[in-house]
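Q:
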Amino acid sequence: DAGVTQSPTHLIKTRGQQVTLRCSPKSGHDTVSWYQQALGQGPQFIFQYYEEEERQRGNFPDRFSGHQFPNYSSELNVNALLLGDSALYLCASRPRRDSAYQETQYFGPGTRLLVL
Amino acid sequence: AQSVAQPEDQVNVAEGNPLTVKCTYSVSGNPYLFWYVQYPNRGLQFLLKYITGDNLVKGSYGFEAEFNKSQTSFHLKKPSALVSDSALYFCAVRGPSGAGSYQLTFGKGTKLSVIP
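Those protein sequences? They're chains A and B, same order as listed.
Each position in the first sequence, counted from 1, maps to that position plus 53 in the working numbering.
Each position in the second sequence, counted from 1, maps to that position plus 1 in the working numbering.
(1) Just curious, the beta strand (DSSP E) that A:Asp83 is in, first and last residue?
(2) Locate the beta strand (DSSP E) running through A:Glu128, then write down its first and last residues.
(3) Flag B:Gly110 as yes if its beta-carbon sits less than 9 Å from any beta-carbon of chain A, otherwise no.
(4) One question on the structure: do B:Gln46 and A:Phe160 come within less than 9 Å of each other, judged by their Cβ atoms?
(5) Taking DSSP as the reference, what is the three-state secondary structure of B:Leu57?
(6) Can the beta-carbon of A:Ile65 be found closer than 9 Å to that of A:Leu129?
(7) Using the beta-carbon count (16 or more within 10 Å), is B:Gln1 buried or exposed?
(8) Quick check on DSSP: helix, strand or coil for B:Gly63?
(9) Tell me whether B:Ser85 sits in a helix, a strand or coil according to DSSP, three-state version.
(10) Would you list the residues sitting across from A:Glu104 in a DSSP beta bridge?
(11) Counting contacts by CB-CB distance shorter than 9 Å, is B:Asn31 in contact with chain A?
(12) Can at least three beta-carbon pairs, one atom from the segment 78 to 94 of chain B and one from the segment 33 to 43 of chain B, be found at a separation below 8 Å?
(13) Does A:Phe122 pass the burial test, meaning 16 or more other C-beta atoms within 10 Å, or should it be called exposed?
(14) Within a Cβ cutoff of 6 Å, which residues of the same chain sit near B:Leu89, ignoring the five residues on either side of it in sequence?
(15) Go ahead and pull the three-state DSSP assignment for B:Leu77.
(16) The beta strand (DSSP E) with A:Pro199 in it runs from where to where?
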């Protein structure tokens with residue numbers, strides 16, 4: 054049973070460019086959340102998707118957008134990249150609502166983004 | 002707003018000795034509390050959670066945590082530390098079930114070093 058997978062593992066971009074990160078949730082999970090982890094910090098919540106809609110959003114600008122597909126996979130898009138967007142981007146998925154373990158989010162290995 | 006504090010940036014412990022990593026939280030209503038571990042250049046691995054029930058929660062790799070409602074704490078413990086336990090540990094909180102409540106708020110992390 055594959056866990057949460059993310060691609061690519063590493064990415065280098067320049068300021069002003071746009072980037073798309075991808076996430077496939079763990080089997081049986083339908084809810085995907087994205088987090089940004091800056092160096093030396095804890096992860097910060099960006100947004101969460103369920104039933105192909107953004108359900109909740111953290112304190113991130115509109116440059117950060119996302120999408121969820123019918124197979125529950127998700128994309129995170131960041132436009133007009135800034136140096137401060139350099140971070141590890143983590144995707145987390147959660148079991149279906151009727152699961153007894155619905156409260157636990159499982160994280161992928163992350164995508165390391167470097168903006169030059 | 003919910004928050005988590007991990008008062009120690011780093012904890013050093015000798016192999017075989019008991020370890021404690023501290024966490025305090027602030028949230029409206031009953032908390033959902035989690036501990037995750039992060040190894041270098043890796044994502045977050047789930048260790049344990051408190052949702053309801055016994056205040057002492059047992060998790061993976063011999064870790065346990067004690068929920069103390071009066072002190073709003075959820076300290077992570079292990080009776081005998083291993084060198085392989087050396088990693089970055091994150092405490093996280095989620096508010097009670099309801100619209101928009103699935104966001105996890107993380108502490109800044111505590112680096113645990115187990116000395117041989």
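All C-beta atoms, glycine included, are put in the ideal place defined by N, C-alpha and C.
A: Quick look at the numbers:
(1) 82 to 90
(2) 127 to 131
(3) yes
(4) yes
(5) strand
(6) no
(7) Outside the displayed range of chain B (2 to 117) lies residue 1 of chain B, so it cannot be described from this structure.
(8) helix
(9) helix
(10) In the DSSP output, where bridge partners are listed per residue, A:Glu104 has none listed.
(11) no
(12) yes
(13) exposed
(14) Gln39, Gly110, Lys112
(15) strand
(16) What the structure shows of chain A is the stretch from 54 to 169, and residue 199 of chain A is not part of that stretch, so it cannot be assessed.
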